[in-house]
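J.:
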Amino acid sequence: MVSRVCKSFSGLEVLRDVSLRCDEGEIVGLIGPNGAGKSTLINAITALMPVNSGEVVINGLRVSNTTPQFGAMSGLGRTFQNIRLFKRLTVRQNVEVAHTSALRDKPGEAAAIDLDDLLAQFDLSAFADWRAGSLPYGSQRRLEIVRALALAPDFLLLDEPAAGMNAGETSALIDAVRQSSKAFGCGVLVIDHDLRFIMTLCNRIYVLDAGQIIASGTPEEVRNDPQVIEVYIGHPKNQPTQDH
Numbered sequence: 000m001v002s003r004v005c006k007s008f009s010g011l012e013v014l015r016d017v018s019l020r021c022d023e024g025e026i027v028g029l030i031g032p033n034g035a036g037k038s039t040l041i042n043a044i045t046a047l048m049p050v051n052s053g054e055v056v057i058n059g060l061r062v063s064n065t066t067p068q069f070g071a072m073s074g075l076g077r078t079f080q081n082i083r084l085f086k087r088l089t090v091r092q093n094v095e096v097a098h099t100s101a102l103r104d105k106p107g108e109a110a111a112i113d114l115d116d117l118l119a120q121f122d123l124s125a126f127a128d129w130r131a132g133s134l135p136y137g138s139q140r141r142l143e144i145v146r147a148l149a150l151a152p153d154f155l156l157l158d159e160p161a162a163g164m165n166a167g168e169t170s171a172l173i174d175a176v177r178q179s180s181k182a183f184g185c186g187v188l189v190i191d192h193d194l195r196f197i198m199t200l201c202n203r204i205y206v207l208d209a210g211q212i213i214a215s216g217t218p219e220e221v222r223n224d225p226q227v228i229e230v231y232i233g234h235p236k237n238q239p240t241q242d243h
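Numbering (numbering that gives the first Met the number 0), first residue to last: 0 to 243.
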């Protein structure tokens, strides 16, 4: 998926030789300290910004250094760290905008999507006619995921999806993401600072520090990696508890 990607801003190297993969139906986490380059990597994967070298390949197509529209057509759906909904449109209209694009670009896959079921899966049915901007924060986060899924993606990229959610909302989100990955057969790449969320949800995890992948493996392998403990997990406020 991502092969030896490098990205610099004004001579400052933000991503250095980053490679990772996410297979269809797999849920992969990406963690690391603030400023590690996680969101930059997501933006590079989805062609929101160009890379200096390396490439991102989806379904055999190079999407790096193209356009976000080409990335979506090639099978990518995403959410953003800072919510980007059409706030004056209703919840349903936000989802319909994405689904209309999917019906044009991927008619077979998109036709199989039931928007009512998708809204229900993420507990948004009761809000279908609400303006998106009037939703509670956690519901806006979920709506972004639903809108991304309405694109019928092969790969779903989630940037801080659990931010601002309480424990109950986070648990429900884990179930919904797992169900969606299974139902759509899509791979999921997740960034989040909530290690309990990441460790519970993901099959594999990559750790990014100062623009480089320093470790990867199962949640248990990553949790016990000495280098990861030193640069990230070892800080008391980052330690996942055992009650989740």
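We put the CB at the ideal spot given by N, CA and C, even for glycine.
Which class does ASP115 belong to by DSSP, given the choice of helix, strand or coil?
T.: Helix.
J.: Determine the closest residue to VAL221 out of VAL187, ARG203, ASN58 and ILE44, with distance taken between C-alpha atoms.
T.: When each option's Cα is compared against that of VAL221, the closest is ARG203.
J.: Taking the alpha-carbon positions, what's the HIS243 to ALA175 distance?
T.: Because the pLDDT of HIS243 is 38, which lies under 50, any placement of that residue in the model is unreliable, and the number read from its coordinates should be weighed accordingly. Each residue's Cα considered, the two are about 17 angstroms apart.
J.: Pick helix, strand or coil for GLU12, following the three-state DSSP scheme.
T.: In this structure, GLU12 counts as strand in the three-state DSSP scheme.
J.: Return helix, strand or coil for GLN68, following the three-state DSSP convention.
T.: Reduced to three states, the DSSP call for GLN68 is helix.
J.: Here's the rule I'm using: 16 or more other beta-carbon atoms within 10 Å means buried, otherwise exposed. How should PHE8 be labelled?
T.: Exposed is the call here.
J.: Give the DSSP-derived three-state secondary structure of ASP242 in the structure shown.
T.: Confidence in ASP242 is poor, its pLDDT being 38 and thus under 50, which makes the residue's placement unreliable; the coordinate value appears in the next sentence. Three-state DSSP puts ASP242 in coil, outside helix and strand.
J.: Can you tell which of LEU60, GLN211, THR78 and LEU102 has its C-alpha closest to the C-alpha of ASN42?
T.: For the residues LEU60, GLN211, THR78 and LEU102, the minimum Cα distance to ASN42 belongs to THR78.
J.: Expressed to the nearest angstrom, what Euclidean distance is found between the alpha-carbon atoms of ALA131 and GLN139?
T.: Near 7 angstroms, if we compare the C-alpha coordinates of GLN139 and ALA131.
J.: Pull up the distance between the alpha-carbon of LEU188 and that of ASP22, whole angstroms please.
T.: So the two alpha carbons sit approximately 10 angstroms from each other.
J.: Would you call GLY59 buried or exposed, if buried means 16 or more other Cβ atoms sit within 10 Å of its Cβ?
T.: Per the 10 Å Cβ criterion, exposed.
J.: Using the three-state DSSP reduction, which class does THR80 fall into: helix, strand or coil?
T.: According to the sequence displayed, residue 80 carries Gln and not Thr. Coil at GLN80, not helix or strand.
J.: Can you look up VAL17 in the DSSP assignment and give me helix, strand or coil?
T.: Strand.
J.: Within its chain, find whatever has a CB closer than 7 angstroms to the CB of PRO160; leave out the 5 residues flanking it on each side and keep chain order.
T.: Same-chain partners within the cutoff: THR78, ARG140, ILE144, LEU172, VAL189 and ASP191.
J.: On the criterion of 16 or more Cβ atoms from any shown chain inside 10 Å, does ALA46 qualify as buried, or is it exposed?
T.: That one is buried.
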